[in-house]
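Input: a single structure, listed below in structure tokens.
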Amino acid sequence: MDSPAAFRLRATGTPGTDTYVASGPRGSRATFDGFRDGEFLFVVPYAGLSALGATARTEALRYYLSIALQQVWASAGSRIAWLFQSASDADVLRDHVISLVASQRKHFPEASIDIRVPEVSGLLGEQTSPGRRTVRAEELFAAAGELTDADLAPTMLLPLGRPLGYLDAQCERYSVEFGGRSRAIPAPAARIWLALRHRPADLGRPLGALDLERLPWPYEVTREDAVEDLTRQGLVVQAWAQDTTLGDQLSRLRLLPLRTFASDTSSPTGIVARARAARGLDHATTPVSQLIRDVLALGPTHDGLFDAIGAAWVEGATTERSTHRTADRIAEELLPLLAEDVAYLDVPAQSCAPNNVVDPARLTLTAGADTDLCVLPIGFQVDATDDVPTMVRVAGRPEVLDADEGALWALVRDLDTLAPSGERQVQELLAAARERGLRNTEYALDRLEQRALVHRVRGPSALQDLRRLVFRPLLAGLSTTEMLSRSGPAPLRSLGAARDGSGRPQHGITQIDIVATALWGSAGAELPTLAHAVALLFPPGGDLGAVRFVLDRIRDHVRDGAAYLDALEADPTGTGATP
Amino acid sequence: MTGRPRTVSPMRYVTALTGMYGDTRLEVSDPDSAAKYVFDGLRGDALVVAFPSLGPTHAMDPGRLDEHGRLTPEATSKLIGDAHAQVSVANGRHILWACARAEDAERLQELVSGPLADLRTAGGIVGIEVAHLPVNLLRRQWLERAERGQWTPPLGQLPEPEDE
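Quick mapping for you: the protein sequence lines, in order, are chains A and B. Going by numbering that gives the first Met the number 0, the first residue of the first sequence is number 0, and it counts up by one from there. Going by numbering that gives the first Met the number 0, the first residue of the second sequence is number 0, and it counts up by one from there.
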């Protein structure tokens, strides 16, 4: 049997140092062991009342009833619960206490003392108080045993989305990519979103709503309104800490990498995630475990954390058979990884509604040996005025476009056909620009190329060019089904359907072939560039026909809204591999 | 209506902060000594000290501010002493100084960031957080809980709403 102090902690969650003191009318004063949801808690440790002789039992009754009377008066009729360690003690006192409370209702009509005998085993089970309402054990034992701050915080708030950065020098708008769309959020919401991402690493638990009240807050809008704004946009999920584990909360989300990984003997695990130059933290590293590395690498190709964990198990990356336990292990590592921008959380691929996806379907490729293969617009359009892009996001940073640059970038994106051979690609582009009255097109094109917002894939150096590009999937490989054929079952891997802003299915299922498998694989952390995808399929320096074939497949998937192209600048070798 | 807001009832402000109503306080003792401190309650995991106003809260209360709106030396001395006592018994737990008025929160923040800054750096001690928690915000939180069917203190025990 627990000691009285241990029972008190388990029954109420109140630290042994804390006592609630209530003062009421007529000088009444009473102490309580806890207060939860308007109910005062009073613990009655084992007293062996049933074994007492008549006189001693009468004395004990008088003692406890005097306590009950003081409590009713001091609490001014608030609800009170007595939590007994011993059912036999409860049986001895129950009727007497109930009678006493009834006698005081002429003063305090709402007065009540509920008699309960909480079961101290089985925290997740249900506990029945004899003759009383059934209460969930978690209510009574939320903080029992291993009491953590998270137990005391009613909710935990998880930030979703990929951090892109502030959109202006005044830090008034911050951009987050989420569900395939970039969203600009105002400074108050950004402060909360960034706090949810970065502060849990210090606390060792997700933030709750109450933690946010401690944020410095110079804004007119309230914290609550800012949280509501984020929640409405889907950038924050609120979860009840007591209801489930963090790992369970993650099950329906995708955990996606923001960095590449490398071996590093100075790391305890031998593996580090490497920061990119886009954050201004070149060469910064964060140690990660093998499990996290594997699950993150699988993130882009699976439709949720549990799916990725399942795949990691199939591939032998984990021997833990319980997906939930593995998810909990990952959750333990997750908070620092979010804080260090190693990873981010996104909705399942099925829920992605990509916008402004570059459509290379409108680009015509050529296999000419020494000429341009194609001109690709890179990145997401973040903002526009009168349909002219004013800002795009590339490699995690926002890039402001002036009117000339924006118009040309849009032209590259929207042009139906480009010339099929030689330098005419660019010439055709410039001619089309002139036709549309665009100004300073050559200068603007040069600026866009210098800033890696437009990419010209050239013939002989095509593979090298592709090292600077990243294939970013917006859809995951959802399932592997088996199709029966005469030669036996054949695996058919398929993509999920994207949805548009209204929630309607935007695209159907897309079958994944070997090229797509390589492309999706290149989106992981190990092989981050398109050059790797091509190299997986063809001999290094392979012929231009092969490159063109891959670019065609990229075109198909981007057209399907399943991916977009981004630039990778930090890794000059383009390998993402161990030095 | 503009101008100085009405005086907030200290007891009702505590109710709005902690959910406890009636005259109930939370007494915390230092396990290593006989020291005790009586807080206004818990808000989440934070031990709460409520500051409905640094000015006079009733006719006989001189308040803690001088004619220029600054903390008086006596009030400053008392607050510093209280802060050390609170941190001592809190034993590393969060302490929240909750202010109904933004200007009060600013004054207390200056105190916490200045003369009390050492409390933040002492080993293992989280220190004191100052927060502006206006009555209307707290009321809205409880009303939203009520709308969701969750427990609230009697809504009549909350402070009256203030003019925005």
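Glycine included, each C-beta is placed from N, C-alpha and C at the ideal position. Note that the coordinates shown come from a computational prediction; the quantities given were computed from them, not determined experimentally.
Is there at least one Cβ from chain B nearer than 7 Å to residue i's Cβ?
i      : result
D36/A  : yes
T16/A  : yes
L582/A : Nothing in the structure corresponds to residue 582/A, since chain A is present only between 0 and 578.
S266/A : no
L211/A : no
Y165/A : no
T11/A  : no
Y19/A  : yes
S111/A : no
T221/A : yes
S22/A  : yes
A75/A  : yes
Cα separation between residue i and residue j?
i      : j      : result
A89/A  : S250/A : 43 Å
T71/B  : P51/B  : 17 Å
R115/A : Q84/A  : 9 Å
P117/A : A86/A  : 9 Å
A136/A : V469/A : Unreliable placement is indicated for A136/A, whose pLDDT of 28 sits below 50; no coordinate value is reported for it.
H131/B : V220/A : 13 Å
D94/A  : A73/A  : 21 Å
Y343/A : L234/A : 11 Å
L304/A : R412/A : 33 Å
P3/A   : R56/A  : 20 Å
P612/A : I191/A : The displayed coordinates of chain A run from 0 to 578. Any statement about residue 612/A would go beyond what the structure contains.
E146/B : R139/B : 10 Å
G436/A : L166/A : 29 Å
V37/B  : V42/A  : 21 Å
T151/B : Y19/A  : 18 Å
G155/B : D22/B  : 15 Å
E212/A : M155/A : 14 Å
G43/B  : L209/A : 6 Å
A82/B  : R471/A : 53 Å
A583/A : P9/B   : Nothing in the structure corresponds to residue 583/A, since chain A is present only between 0 and 578.
S112/B : Y62/A  : 49 Å
Of the choices the options, whose alpha-carbon is the least far from that of residue i?
i      : options                           : result
Q108/B : V129/B, N90/B and D117/B          : V129/B
R69/B  : G18/B, S28/B, D162/B and R106/B   : R106/B
L297/A : L254/A, S262/A, E332/A and Y19/A  : L254/A
L195/A : T325/A, W312/A, A338/A and A316/A : A338/A
D385/A : R328/A, A402/A and V393/A         : A402/A
P30/B  : P199/A, T16/A and L40/A           : T16/A
V13/B  : R92/B, K77/B, G113/B and A97/B    : A97/B
T13/A  : S8/B, G155/B, A34/B and A45/B     : A45/B
D302/A : W408/A, D345/A, Y62/A and I270/A  : D345/A
L252/A : P158/A, Q449/A and E319/A         : P158/A
M19/B  : V42/A, F177/A and G76/A           : G76/A
G269/A : P286/A, F107/A and L163/A         : P286/A
R35/A  : G155/B, Q149/B and D162/B         : Q149/B
I97/A  : S111/A, T318/A, R466/A and F107/A : S111/A
V91/A  : S102/A, G52/A and V71/A           : G52/A
Any heavy atom of the ligand ADP closer than 6 Å to the beta-carbon of residue i?
i     : result
L78/B : What this structure holds is no ligand at all, so the ligand ADP is not there to describe.
Hey, residue i and residue j are a contact pair by Cβ (cut 8 Å); roughly how many whole angstroms apart?
i      : j      : result
P153/B : V134/B : About 16 Å; that fails the 8 Å criterion.
A330/A : G207/A : About 16 Å separates the two Cβ atoms, so there is no contact after all.
L375/A : V456/A : 7 Å
V453/A : I377/A : 7 Å
A307/A : L290/A : Incorrect: roughly 11 Å between the Cβ atoms, too far for contact.
V391/A : E398/A : 5 Å
A566/A : V313/A : A566/A to V313/A, Cβ: 33 Å. No contact.
Against chain A, does residue i count as a neighbour if the rule is that its beta carbon must be under 7 Å from one of theirs?
i      : result
L107/B : no
S28/B  : yes
G68/B  : no
L136/B : yes
R144/B : no
E195/B : Nothing about residue 195/B can be read from this structure; chain B reaches only from 0 to 163.
W141/B : no
G91/B  : no
A101/B : no
G155/B : no
| Counting pairs of beta carbons, one from the segment 66-80 of chain A and one from the segment 0-9 of chain A, are three or more of them closer than 8 Å? | no
| message | Whether or not the segment 51-71 of chain A and the segment 56-68 of chain B are in contact is what I'm after, with contact meaning three or more pairs of Cβ atoms, one per stretch, closer than 8 Å; do they touch? | response | no
| Counting Cβ pairs, one atom from each stretch, are 3 or more of them under 8 Å apart for the segment 182-200 of chain A and the segment 225-232 of chain A? | yes
| query | Are at least three pairs of beta-carbons, each pair with one atom in the segment 168-177 of chain A and one in the segment 199-211 of chain A, less than 8 Å apart? | reply | no
| query | Is there contact here, the segment 14-24 of chain B with the segment 72-84 of chain B, by at least three beta-carbon pairs under 8 Å? | reply | no
| message | Counting beta carbon pairs with one atom in the segment 21-36 of chain B and one in the segment 82-100 of chain B, are three or more of them shorter than 8 Å? | response | yes
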